[in-house]
Amino acid sequence: MKIGGRYNQNSFNNVKMEKGKIEDRIGFFPANFVQRLQDEKVFKCIRTFIGCKEQGQITLKENQICITSEKEHDGFIKVCSGKKKGFVPIDVLEDI
(Lines of atoms letter the chains of each structure in order from A and count residues from 1; the text may use other names and numbers.)
(Lines give C-alpha, C1' and ligand atoms only; values in the text may rest on other atoms or scores of the structure.)
Protein backbone atom coordinates (compact mmCIF):
# COMPACT_ATOMS: atom_id res chain seq x y z
CA MET A 1 0.00 0.00 0.00
CA LYS A 2 1.04 3.57 -0.49
CA ILE A 3 -0.21 6.72 1.21
CA GLY A 4 -3.43 7.83 -0.44
CA GLY A 5 -3.76 4.54 -2.30
CA ARG A 6 -7.20 3.13 -2.93
CA TYR A 7 -8.03 -0.53 -2.66
CA ASN A 8 -10.98 -2.85 -2.95
CA GLN A 9 -11.96 -4.46 0.33
CA ASN A 10 -12.37 -8.21 -0.06
CA SER A 11 -13.53 -8.98 3.45
CA PHE A 12 -13.50 -7.71 6.99
CA ASN A 13 -11.49 -10.15 9.03
CA ASN A 14 -11.38 -8.69 12.52
CA VAL A 15 -10.90 -5.43 14.37
CA LYS A 16 -7.14 -5.41 13.81
CA MET A 17 -6.61 -6.62 10.22
CA GLU A 18 -8.20 -6.06 6.81
CA LYS A 19 -7.82 -8.02 3.60
CA GLY A 20 -7.77 -6.02 0.39
CA LYS A 21 -6.73 -5.91 -3.24
CA ILE A 22 -4.69 -3.33 -5.15
CA GLU A 23 -4.43 -4.06 -8.86
CA ASP A 24 -3.51 -7.78 -8.99
CA ARG A 25 -2.08 -8.06 -5.46
CA ILE A 26 -4.05 -9.33 -2.46
CA GLY A 27 -2.89 -9.00 1.13
CA PHE A 28 -3.51 -8.10 4.76
CA PHE A 29 -2.81 -4.79 6.49
CA PRO A 30 -3.70 -3.07 9.79
CA ALA A 31 -7.32 -1.92 9.97
CA ASN A 32 -6.28 1.45 11.42
CA PHE A 33 -4.58 2.23 8.07
CA VAL A 34 -8.02 2.35 6.42
CA GLN A 35 -10.67 5.01 6.19
CA ARG A 36 -13.89 4.05 4.44
CA LEU A 37 -15.16 6.67 1.99
CA GLN A 38 -18.57 7.29 0.52
CA ASP A 39 -18.98 10.66 -1.20
CA GLU A 40 -15.89 12.37 0.20
CA LYS A 41 -13.17 13.90 -1.98
CA VAL A 42 -9.57 12.89 -1.31
CA PHE A 43 -6.77 15.48 -1.37
CA LYS A 44 -3.00 15.53 -0.92
CA CYS A 45 -1.32 18.52 0.70
CA ILE A 46 1.21 19.93 -1.80
CA ARG A 47 3.06 22.10 0.74
CA THR A 48 3.10 22.30 4.53
CA PHE A 49 0.45 24.56 6.06
CA ILE A 50 0.69 25.66 9.70
CA GLY A 51 -2.85 26.22 10.95
CA CYS A 52 -4.14 28.55 13.66
CA LYS A 53 -6.25 26.64 16.23
CA GLU A 54 -8.06 29.82 17.30
CA GLN A 55 -9.38 30.18 13.73
CA GLY A 56 -10.39 26.50 13.47
CA GLN A 57 -7.47 25.61 11.19
CA ILE A 58 -5.31 22.49 11.29
CA THR A 59 -1.70 21.90 10.35
CA LEU A 60 -1.04 19.66 7.34
CA LYS A 61 2.39 18.46 6.24
CA GLU A 62 3.46 18.15 2.63
CA ASN A 63 2.09 14.91 1.07
CA GLN A 64 -0.38 14.40 3.96
CA ILE A 65 -3.72 12.95 2.83
CA CYS A 66 -7.04 14.47 3.89
CA ILE A 67 -10.69 14.09 2.95
CA THR A 68 -13.76 16.31 2.81
CA SER A 69 -17.38 16.37 1.79
CA GLU A 70 -17.54 20.16 2.27
CA LYS A 71 -17.42 22.97 -0.28
CA GLU A 72 -14.73 25.65 -0.49
CA HIS A 73 -15.63 28.98 1.14
CA ASP A 74 -13.49 32.15 0.89
CA GLY A 75 -10.43 30.15 -0.18
CA PHE A 76 -10.65 27.62 2.70
CA ILE A 77 -12.16 24.16 3.00
CA LYS A 78 -12.87 22.02 6.09
CA VAL A 79 -11.03 18.69 5.93
CA CYS A 80 -10.32 15.62 8.08
CA SER A 81 -6.92 14.00 8.36
CA GLY A 82 -6.72 11.14 10.81
CA LYS A 83 -8.37 12.41 13.98
CA LYS A 84 -7.82 16.09 13.11
CA LYS A 85 -10.58 18.27 11.61
CA GLY A 86 -10.31 21.90 10.56
CA PHE A 87 -9.87 24.45 7.82
CA VAL A 88 -6.99 24.70 5.34
CA PRO A 89 -6.48 26.89 2.27
CA ILE A 90 -7.71 25.21 -0.90
CA ASP A 91 -4.50 26.23 -2.73
CA VAL A 92 -2.37 23.84 -0.62
CA LEU A 93 -4.47 20.84 -1.71
CA GLU A 94 -4.32 18.67 -4.82
CA ASP A 95 -7.27 16.45 -5.78
CA ILE A 96 -6.19 12.80 -6.01
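For the sequence shown, the UniProt record's numbering assigns the number 1 to the initial residue and increments by one for each residue that follows.
Cβ atoms here follow ideal geometry from the backbone N, Cα and C, with glycine treated the same way.
Kindly indicate which residue of the options has the alpha-carbon position closest to the one of residue i.
| i | options | result |
| --- | --- | --- |
| Asn63 | Val88, Asp91, Lys44, Pro89 | Lys44 |
| Arg47 | Glu54, Gly56, Asp39, Ile65 | Ile65 |
Using a threshold of 9 angstroms, state whether the C-beta atoms of residue i and residue j are closer than that.
| i | j | result |
| --- | --- | --- |
| Ile22 | Val42 | no |
| Val79 | Ile58 | yes |
| Ser81 | Glu40 | no |
If you drop the 5 nearest sequence neighbours on each side, which residues of the same chain put their C-beta closer than 7 angstroms to that of residue i?
| i | result |
| --- | --- |
| Phe76 | Phe87, Val88, Pro89, Ile90 |
| Gly56 | Gly86, Phe87 |
Output needed for residue i: all residues of its chain with C-beta closer than 8 angstroms, excluding positions within five of it in sequence on either side, in chain order.
| i | result |
| --- | --- |
| Met17 | Phe28, Phe29, Pro30, Ala31 |
| Lys85 | Ile58, Lys78, Val79 |
| Glu72 | Ile90 |
In the DSSP output, what is residue i paired with across the bridge?
| i | result |
| --- | --- |
| Asp24 | DSSP output for Asp24 lists no bridge partner at all. |
| Ile77 | Val88 |
Closer than 6 angstroms by C-beta to residue i: which residues in its own chain qualify, once you throw out the five before and the five after it? Chain order, please.
| i | result |
| --- | --- |
| Lys61 | Thr48 |
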